[in-house]
Amino acid sequence: MTDDNTLLATLRRPSLLIRAARFGLTDYNRTRDLKRIMGAAHGLTPTRVIDGLIEKEALFEETRKKGDATYSVARHIDVLIALMAEARLLPRGPQSV
Numbered sequence: 199m200t201d202d203n204t205l206l207a208t209l210r211r212p213s214l215l216i217r218a219a220r221f222g223l224t225d226y227n228r229t230r231d232l233k234r235i236m237g238a239a240h241g242l243t244p245t246r247v248i249d250g251l252i253e254k255e256a257l258f259e260e261t262r263k264k265g266d267a268t269y270s271v272a273r274h275i276d277v278l279i280a281l282m283a284e285a286r287l288l289p290r291g292p293q294s295v
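To get the numbering used here, take the position in the sequence shown, counting from 1, and add 198.
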């Protein structure tokens, strides 16, 4: 498994998508939103959720880049919001002194 923090730190997306996702963070409700996005919310650790969200986000990004008519910017932003919110729940690595 790839280090989730490293993977998230290297994720590059258009600034408008990122700004929209940051704006939506205040309304994120883990139970409600994960049930809608992932199909389940209870009993999932942030690490497991992030792994699934990264896969979903990669599919949205691929669809966006292709210019596919099935691409949904709203759903892409929903996944990015969840990804950012769940990343905040990850344990931090050792702090350097």
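The beta carbon of each residue, even a glycine, is placed where N, CA and C say it ideally should be. Because the structure is a prediction, the values reported are computed rather than measured.
Problem set entry | Whole-angstrom C-beta distance between residue 280 and residue 235, which should lie under 8 Å | 5 Å
Exercise. Can you check whether the CB of residue 244 is closer than 7 Å to the CB of residue 288?
Worked result: Yes; because the gap between Cβ atoms is below 7 Å, this pair is in contact.
For this session: Taking only the alpha-carbon atoms, compute the straight-line gap between residue 223 and residue 231 and give it to the nearest angstrom.
Result: Their Cα atoms are separated by approximately 11 Å.
Exercise. Taking all protein chains shown into account, do 16 or more other C-beta atoms lie within 10 angstroms of the C-beta of residue 250, making it buried, or fewer, making it exposed?
Worked result: With at least 16 other beta carbons inside 10 angstroms of its own, residue 250 counts as buried.
Exercise. When DSSP labels each residue in this structure, what does residue 266 get in the three-state scheme?
Worked result: coil
For this session: Assign residue 251 to one of three DSSP states: helix, strand, or coil.
Result: helix
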